[in-house]
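Student: Residue numbers (this note's numbering): 726 to 1044.
1) Taking residue 777 as the reference, give the member of 797, 746, 756, 760 with the closest Cα.
2) Run through the segment 771-835 for me and flag every whole alpha helix (DSSP H) of 4 or more residues, listed as ranges in chain order.
3) How many Å lie between residue 754 and residue 987 at the Cα?
4) CB-CB under 6 Å to residue 826, same chain, minus the five flanking residues each way: which ones, in chain order?
5) In whole angstroms, what is the alpha-carbon distance linking residue 967 and residue 997?
6) Rank 859, 816, 741, 785 by C-alpha distance to the C-alpha of residue 1016 and give the top, closest one.
7) Within its chain, find whatever has a CB closer than 6 Å to the CB of residue 889; leave out the 5 residues flanking it on each side and keep chain order.
8) By how many angstroms is the C-alpha of residue 875 removed from the C-alpha of residue 855?
9) My guess is that residue 741 and residue 788 are in contact by the Cβ rule of under 8 Å, so how many angstroms apart are they, rounded?
10) Inspect the CB distances between the segment 974-989 and the segment 943-958 and report whether three or more fall short of 8 Å.
11) Based on Cα-Cα distance, which residue from 895, 816, 928, 835 lies nearest to residue 765?
12) Which residues in the same chain have their Cβ closer than 6 Å to the Cβ of residue 842, if we skip the five residues on either side of it in sequence?
13) Starting from the N-terminal side, write out each stretch of the alpha helix (DSSP H) that is 4 residues or longer and does not extend beyond the segment 995-1043.
Laid out in structure tokens, this is it:
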């Protein structure tokens, strides 16, 4: 793809600019534009610009910041199309979010086939790769759990660790799961389901079932980590805001030789009793100066679910 400017500053009005993007391949341009130019429509709506198509040329008109971001997003989408990637509305939205991130940096931050879809996700992906303990903090929908699980799966598949251990505090039952109906698996399943879902999407159901059967992958409530030393493992604590300070200390000190840890959570969604401090909040404060630990804070702008979720999170942040 080649870029050339077709903007004449003398003809501009109200601060608007115009840029022409010339693509090399018609088929890839069609992929970028989407069915009935739906991808271009999303760019126009989100960035408040106008896009017209003529042959292999796209003309972008609007305020300079919006045009610049659209041009960068289109360049990234074209690169993905040239690599044979499918382009969806979600991917278009991701490239809009990433428009302020250096293109090479975002591309290099991939975890296998998983691509970060926001600046915060780029930062988290890099932290998970370069640190033995990473705290990922942010609202629902920012992908913090999914990226942590993807990093763990990638490390396991590459032979860097021998086991994956994922846990959550069963806080709704006060860790007293014996009062719930069913066998142990049935009691734990509601609390562990998001972890099963992420692993199933990354590995497939059959491979996940086999790995759990042979002990390569373990999913358990946080209380089950007590008294263990976890060697050569990638260990994830999800919903870490619902761990007490004692539980969090217990978990973090399980880290053994050749292991990595990730702790994810949202401090605004603490389900502990009101007089109980969140172990996640305390740990981030206590360990802020400890080398080898990274804390990544994701924001409403990093929400990668339905676009409305990001606006909902942002609205609640103002309350």
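Ideal placement from N, C-alpha and C gives every residue a C-beta, glycine not left out.
For clarity, every value in this text was computed on a predicted model and none was experimentally measured.
Tutor: Well, looking at it:
1) Working through the chain shown from its first residue, we reach residue 777 at position 52. Each of 797, 746, 756, 760 was checked against the Cα of residue 777, and the nearest Cα belongs to 746.
2) With a minimum length of 4 residues, the unbroken runs of alpha helix (DSSP H) contained wholly in the segment 771-835 fall at 789-807, 814-822, 828-833.
3) Within the chain shown, the letter at position 29 stands for residue 754. Within the chain shown, the letter at position 262 stands for residue 987. Within the model, the alpha-carbon separation for residue 754 versus residue 987 is close to 39 Å.
4) Taking the chain shown and counting its residues from 1, the one referred to as residue 826 is at position 101. 844, 847, listed in sequence order.
5) Your numbering for residue 967 matches position 242 in the chain shown. Your numbering for residue 997 matches position 272 in the chain shown. Straight through space, the alpha carbons of residue 997 and residue 967 are spaced by roughly 6 Å.
6) As a position in the chain shown, residue 1016 is number 291, starting the count at 1. The residue from 859, 816, 741, 785 with its alpha-carbon nearest to that of residue 1016 is 859.
7) Along the chain shown, one-based indexing puts residue 889 at 164. Same-chain partners within the cutoff: 877, 881, 942, 959.
8) If you number the chain shown from 1, residue 855 lands on position 130. If you number the chain shown from 1, residue 875 lands on position 150. The alpha-carbon atoms of residue 855 and residue 875 are separated by roughly 15 Å.
9) Along the chain shown, read from residue 1 onward, the residue named residue 741 stands at position 16. Along the chain shown, read from residue 1 onward, the residue named residue 788 stands at position 63. With 8 Å as the limit, residue 741 and residue 788 qualify as a contact, their Cβ atoms being about 6 Å apart.
10) A contact is defined here as three or more CB-CB pairs under 8 Å, and the segment 974-989 meets this definition with respect to the segment 943-958.
11) By 1-based counting over the chain shown, the position of residue 765 is 40. When only C-alpha atoms are compared, the closest one is 816.
12) Taking the chain shown and counting its residues from 1, one reaches residue 842 at position 117. Cβ neighbours of residue 842 beyond the five flanking positions: 819, 1029.
13) As summarised for the segment 995-1043, the continuous alpha helix (DSSP H) elements at least 4 residues long and confined to that stretch are 1004-1011, 1032-1042, given in chain order.
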